[in-house]
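**Student:** Quick one: the structure is below, questions incoming.
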Amino acid sequence: MKEYYKTEFGSIYHADSLDYMKTLTDGVVNLIMTSPPFGLVRKKDYGNVEAHSYLEWFRPFAGQFQRILKDDGSLVIDIGGAWIAGQPTRSLYHYELMVMLCREYGFHLAQEFFWWNPSKLPTPAEWVNIRRIRVKDAVNCVWWLSKTPWPKASNRRILIPYSDSMRELLKNGYKAKLRPSGHDISEKFARDNGASIPPNLIAIANTESNSSYLVKCKDAGIKPHPARFPVDLPEYFIRMLSDKGDFVFDPFGGSCVTGEAAEKLHRQWACVELEEEYIKGGTFRFPVNPTHRKTPTYSLSHPAALWNGVENEEPLPIDGGKKRPQEEVKNKKEEIKKEQGNASGQLNLYD
Ligand SMILES: C[S@@+](CC[C@H](N)C(=O)[O-])C[C@H]1O[C@@H](n2cnc3c(N)ncnc32)[C@H](O)[C@@H]1O
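Its first residue numbered 1, the sequence shown is counted upward by one per residue in the working numbering.
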């Protein structure tokens, strides 16, 4: 096993993380923050495991995670869903993984989070753009699991600014009343605590385009990792679930985004990755830029805000979209040709 790169707080290992974990004694890790290869139906070039064999593949990792975590530690898994090949339905693999980790390996589901990527493109085009029978899939599930029901955690580390309506309410005061839901909202609701507790929907656009990581990869002729998460995602969980000096571990290190976040937050860390090229790129993240902070906000439209009333409804396709609308296919191909300068328009619309 090779310690490939070392920083003030952590190390990147070029290894199989199953081998690396065997070198750790029981209960040394405070937080496992990771994004495993997703169980995509078609294999991608970074070694995705096919959905049906996913659980079997994951088992040895699950056993090690359980062993190396401290009793008050957490396991946070960012995992994307997958479409079943050739039909507009979803694989259950990521839910099955969460259930397996809880039922068979004794983890507790501390909370489920959803990472919404507002910049996600509408795919698969076949179901979303052509047949118009599904909406775009723009969230990843993030399973926060723990070894006991009481992992160390504090939402005070991840507070967000009050919304405009809450600020208004604080300014004008709030009259205590019973909500239609039966919740008794007391006067305390209008107390200014300085910030708001966030929901379990995390909005981060994954739009890295000119980061120093990408620029340096390009200069070095290295292919950037194709499935990176944004640094704000591990940063959020590391802040909430670990203290300075704690040990944060990413067994599927990729381009070492977890390491970047942990280094910034002065946690000890280790990222382990199989592919040397991804590690080489990952080293470009160091030394970290500790002051970097963006605070964009995103808004969601009210559901079906453009709905025009029953009179204007078009009938739904009676076959559930089974027959391909030829006109839409033609238009889509033209669009692809124009946008991508792709002479044939042969994009796989099912991806
Ligand atoms: C979804 S990617 C992680 C991306 C990473 N979070 C980032 O933002 O760059 C999963 C990674 O796990 C790596 N991987 C798969 N099996 C592994 C193993 N047994 N040990 C170490 N790394 C592994 C793959 O090579 C891939 O780079």
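In this text, a Cβ means the ideal position worked out from N, Cα and C, and glycines have one as well. Just so it is clear, the structure is predicted and the values come from calculations on it, not from any experiment.
Which same chain residues, not among the five before or five after VAL272, have their C-beta less than 6 Å away from its C-beta?
**Tutor:** Cβ neighbours of VAL272 beyond the five flanking positions: TYR13, ALA15, SER17, TYR20, PRO251, GLY253.
**Student:** Between MET166, LEU214, ILE202, which has its C-alpha nearest GLY194's C-alpha?
**Tutor:** Taking only the C-alpha atoms, the option nearest GLY194 is MET166.
**Student:** Rounded to whole angstroms, how far is the Cβ of GLU112 from the Cβ of ASN200, which I believe are closer than 8 Å?
**Tutor:** 7 Å
**Student:** Quick check on the DSSP output: the alpha helix (DSSP H) that includes ILE238 runs from which residue to which?
**Tutor:** Here the alpha helix (DSSP H) through ILE238 covers 232–241.
**Student:** With H, G and I counted as helix, E and B as strand and the rest as coil, what does DSSP make of SER119?
**Tutor:** coil
**Student:** Quick check on THR295: buried or exposed, where buried means 16 or more other Cβ atoms within 10 Å of its Cβ?
**Tutor:** exposed
**Student:** Under the three-state reduction of DSSP, which class applies to GLN64: helix, strand or coil?
**Tutor:** helix
**Student:** Please report the straight-line C-alpha distance between GLY86 and ASN206, rounded to a whole angstrom.
**Tutor:** When rounded, the separation of the alpha-carbon atoms in GLY86 and ASN206 is 27 Å.
**Student:** Which same chain residues end up closer than 6 Å to HIS108 when comparing Cβ atoms and leaving out the 5 residues on each side of it in sequence?
**Tutor:** Cβ neighbours of HIS108 beyond the five flanking positions: SER146, PRO149.
**Student:** Please give the ranges of any alpha helix (DSSP H) in the stretch 78–149, keeping only runs that are unbroken, at least 4 residues long and fully inside the region.
**Tutor:** 93–105
**Student:** Could you check how far apart the C-beta atoms of LEU97 and PHE58 are, in whole angstroms? I think they sit under 8 Å.
**Tutor:** 6 Å
**Student:** When DSSP builds the beta bridges, which residues end up paired with LEU69?
**Tutor:** VAL29
**Student:** Identify the residues that DSSP records as bridge partners of HIS225: which are they?
**Tutor:** HIS225 is not bridged to any residue.
**Student:** Rounding to the nearest angstrom, what Cα-Cα distance links PRO88 and VAL329 in this structure?
**Tutor:** 16 Å
**Student:** Could you check if SER17 belongs to the surroundings of ligand 1, using beta carbon to heavy atom distance under 8 Å?
**Tutor:** yes
**Student:** If you drop the 5 nearest sequence neighbours on each side, which residues of the same chain put their C-beta closer than 7 Å to that of ALA110?
**Tutor:** SER74, TRP144, LEU145, SER146, PRO151
**Student:** Determine whether the beta carbon atoms of VAL99 and MET33 lie at a separation below 9 Å.
**Tutor:** no
**Student:** Classify PHE252 as helix, strand or coil using the three-state DSSP reduction.
**Tutor:** coil
**Student:** Can you give me the C-alpha to C-alpha distance between PHE114 and GLY281, rounded to a whole angstrom?
**Tutor:** Roughly 28 Å separates the two Cα atoms.
**Student:** Which residues in the same chain as PRO315 place their Cβ atom closer than 7 Å to its Cβ, once the five residues preceding and following it in sequence are excluded?
**Tutor:** none
**Student:** Closer than 8 Å by C-beta to LYS22: which residues in its own chain qualify, once you throw out the five before and the five after it? Chain order, please.
**Tutor:** GLN64
**Student:** Is the beta carbon of VAL272 within less than 8 Å of some heavy atom of ligand 1?
**Tutor:** yes
**Student:** Going by the C-beta, is GLU275 closer than 8 Å to any heavy atom of ligand 1?
**Tutor:** The answer is yes for GLU275.
**Student:** At a cut-off of 8 Å, would you count GLY253 as near ligand 1, judging by its Cβ distance to the nearest heavy atom?
**Tutor:** yes
**Student:** Leaving out the 5 sequence neighbours to the left and right, which residues in its chain are closer than 7 Å to VAL139 when beta-carbon positions are compared?
**Tutor:** Taking VAL139 as the centre and dropping the five residues before and after it, the same chain places the C-beta of PHE114, TRP115, TRP116 closer than 7 Å to its C-beta, in chain order.
**Student:** Beta-carbon within less than 7 Å of ALA262's beta-carbon, same chain only, minus the 5 sequence neighbours each way: which residues are those?
**Tutor:** PHE9, GLY10, ILE238, VAL248, TRP269
**Student:** According to DSSP, which residues form a beta bridge with LYS2?
**Tutor:** According to DSSP, which records beta bridges pairwise, LYS2 is partnered with HIS14.
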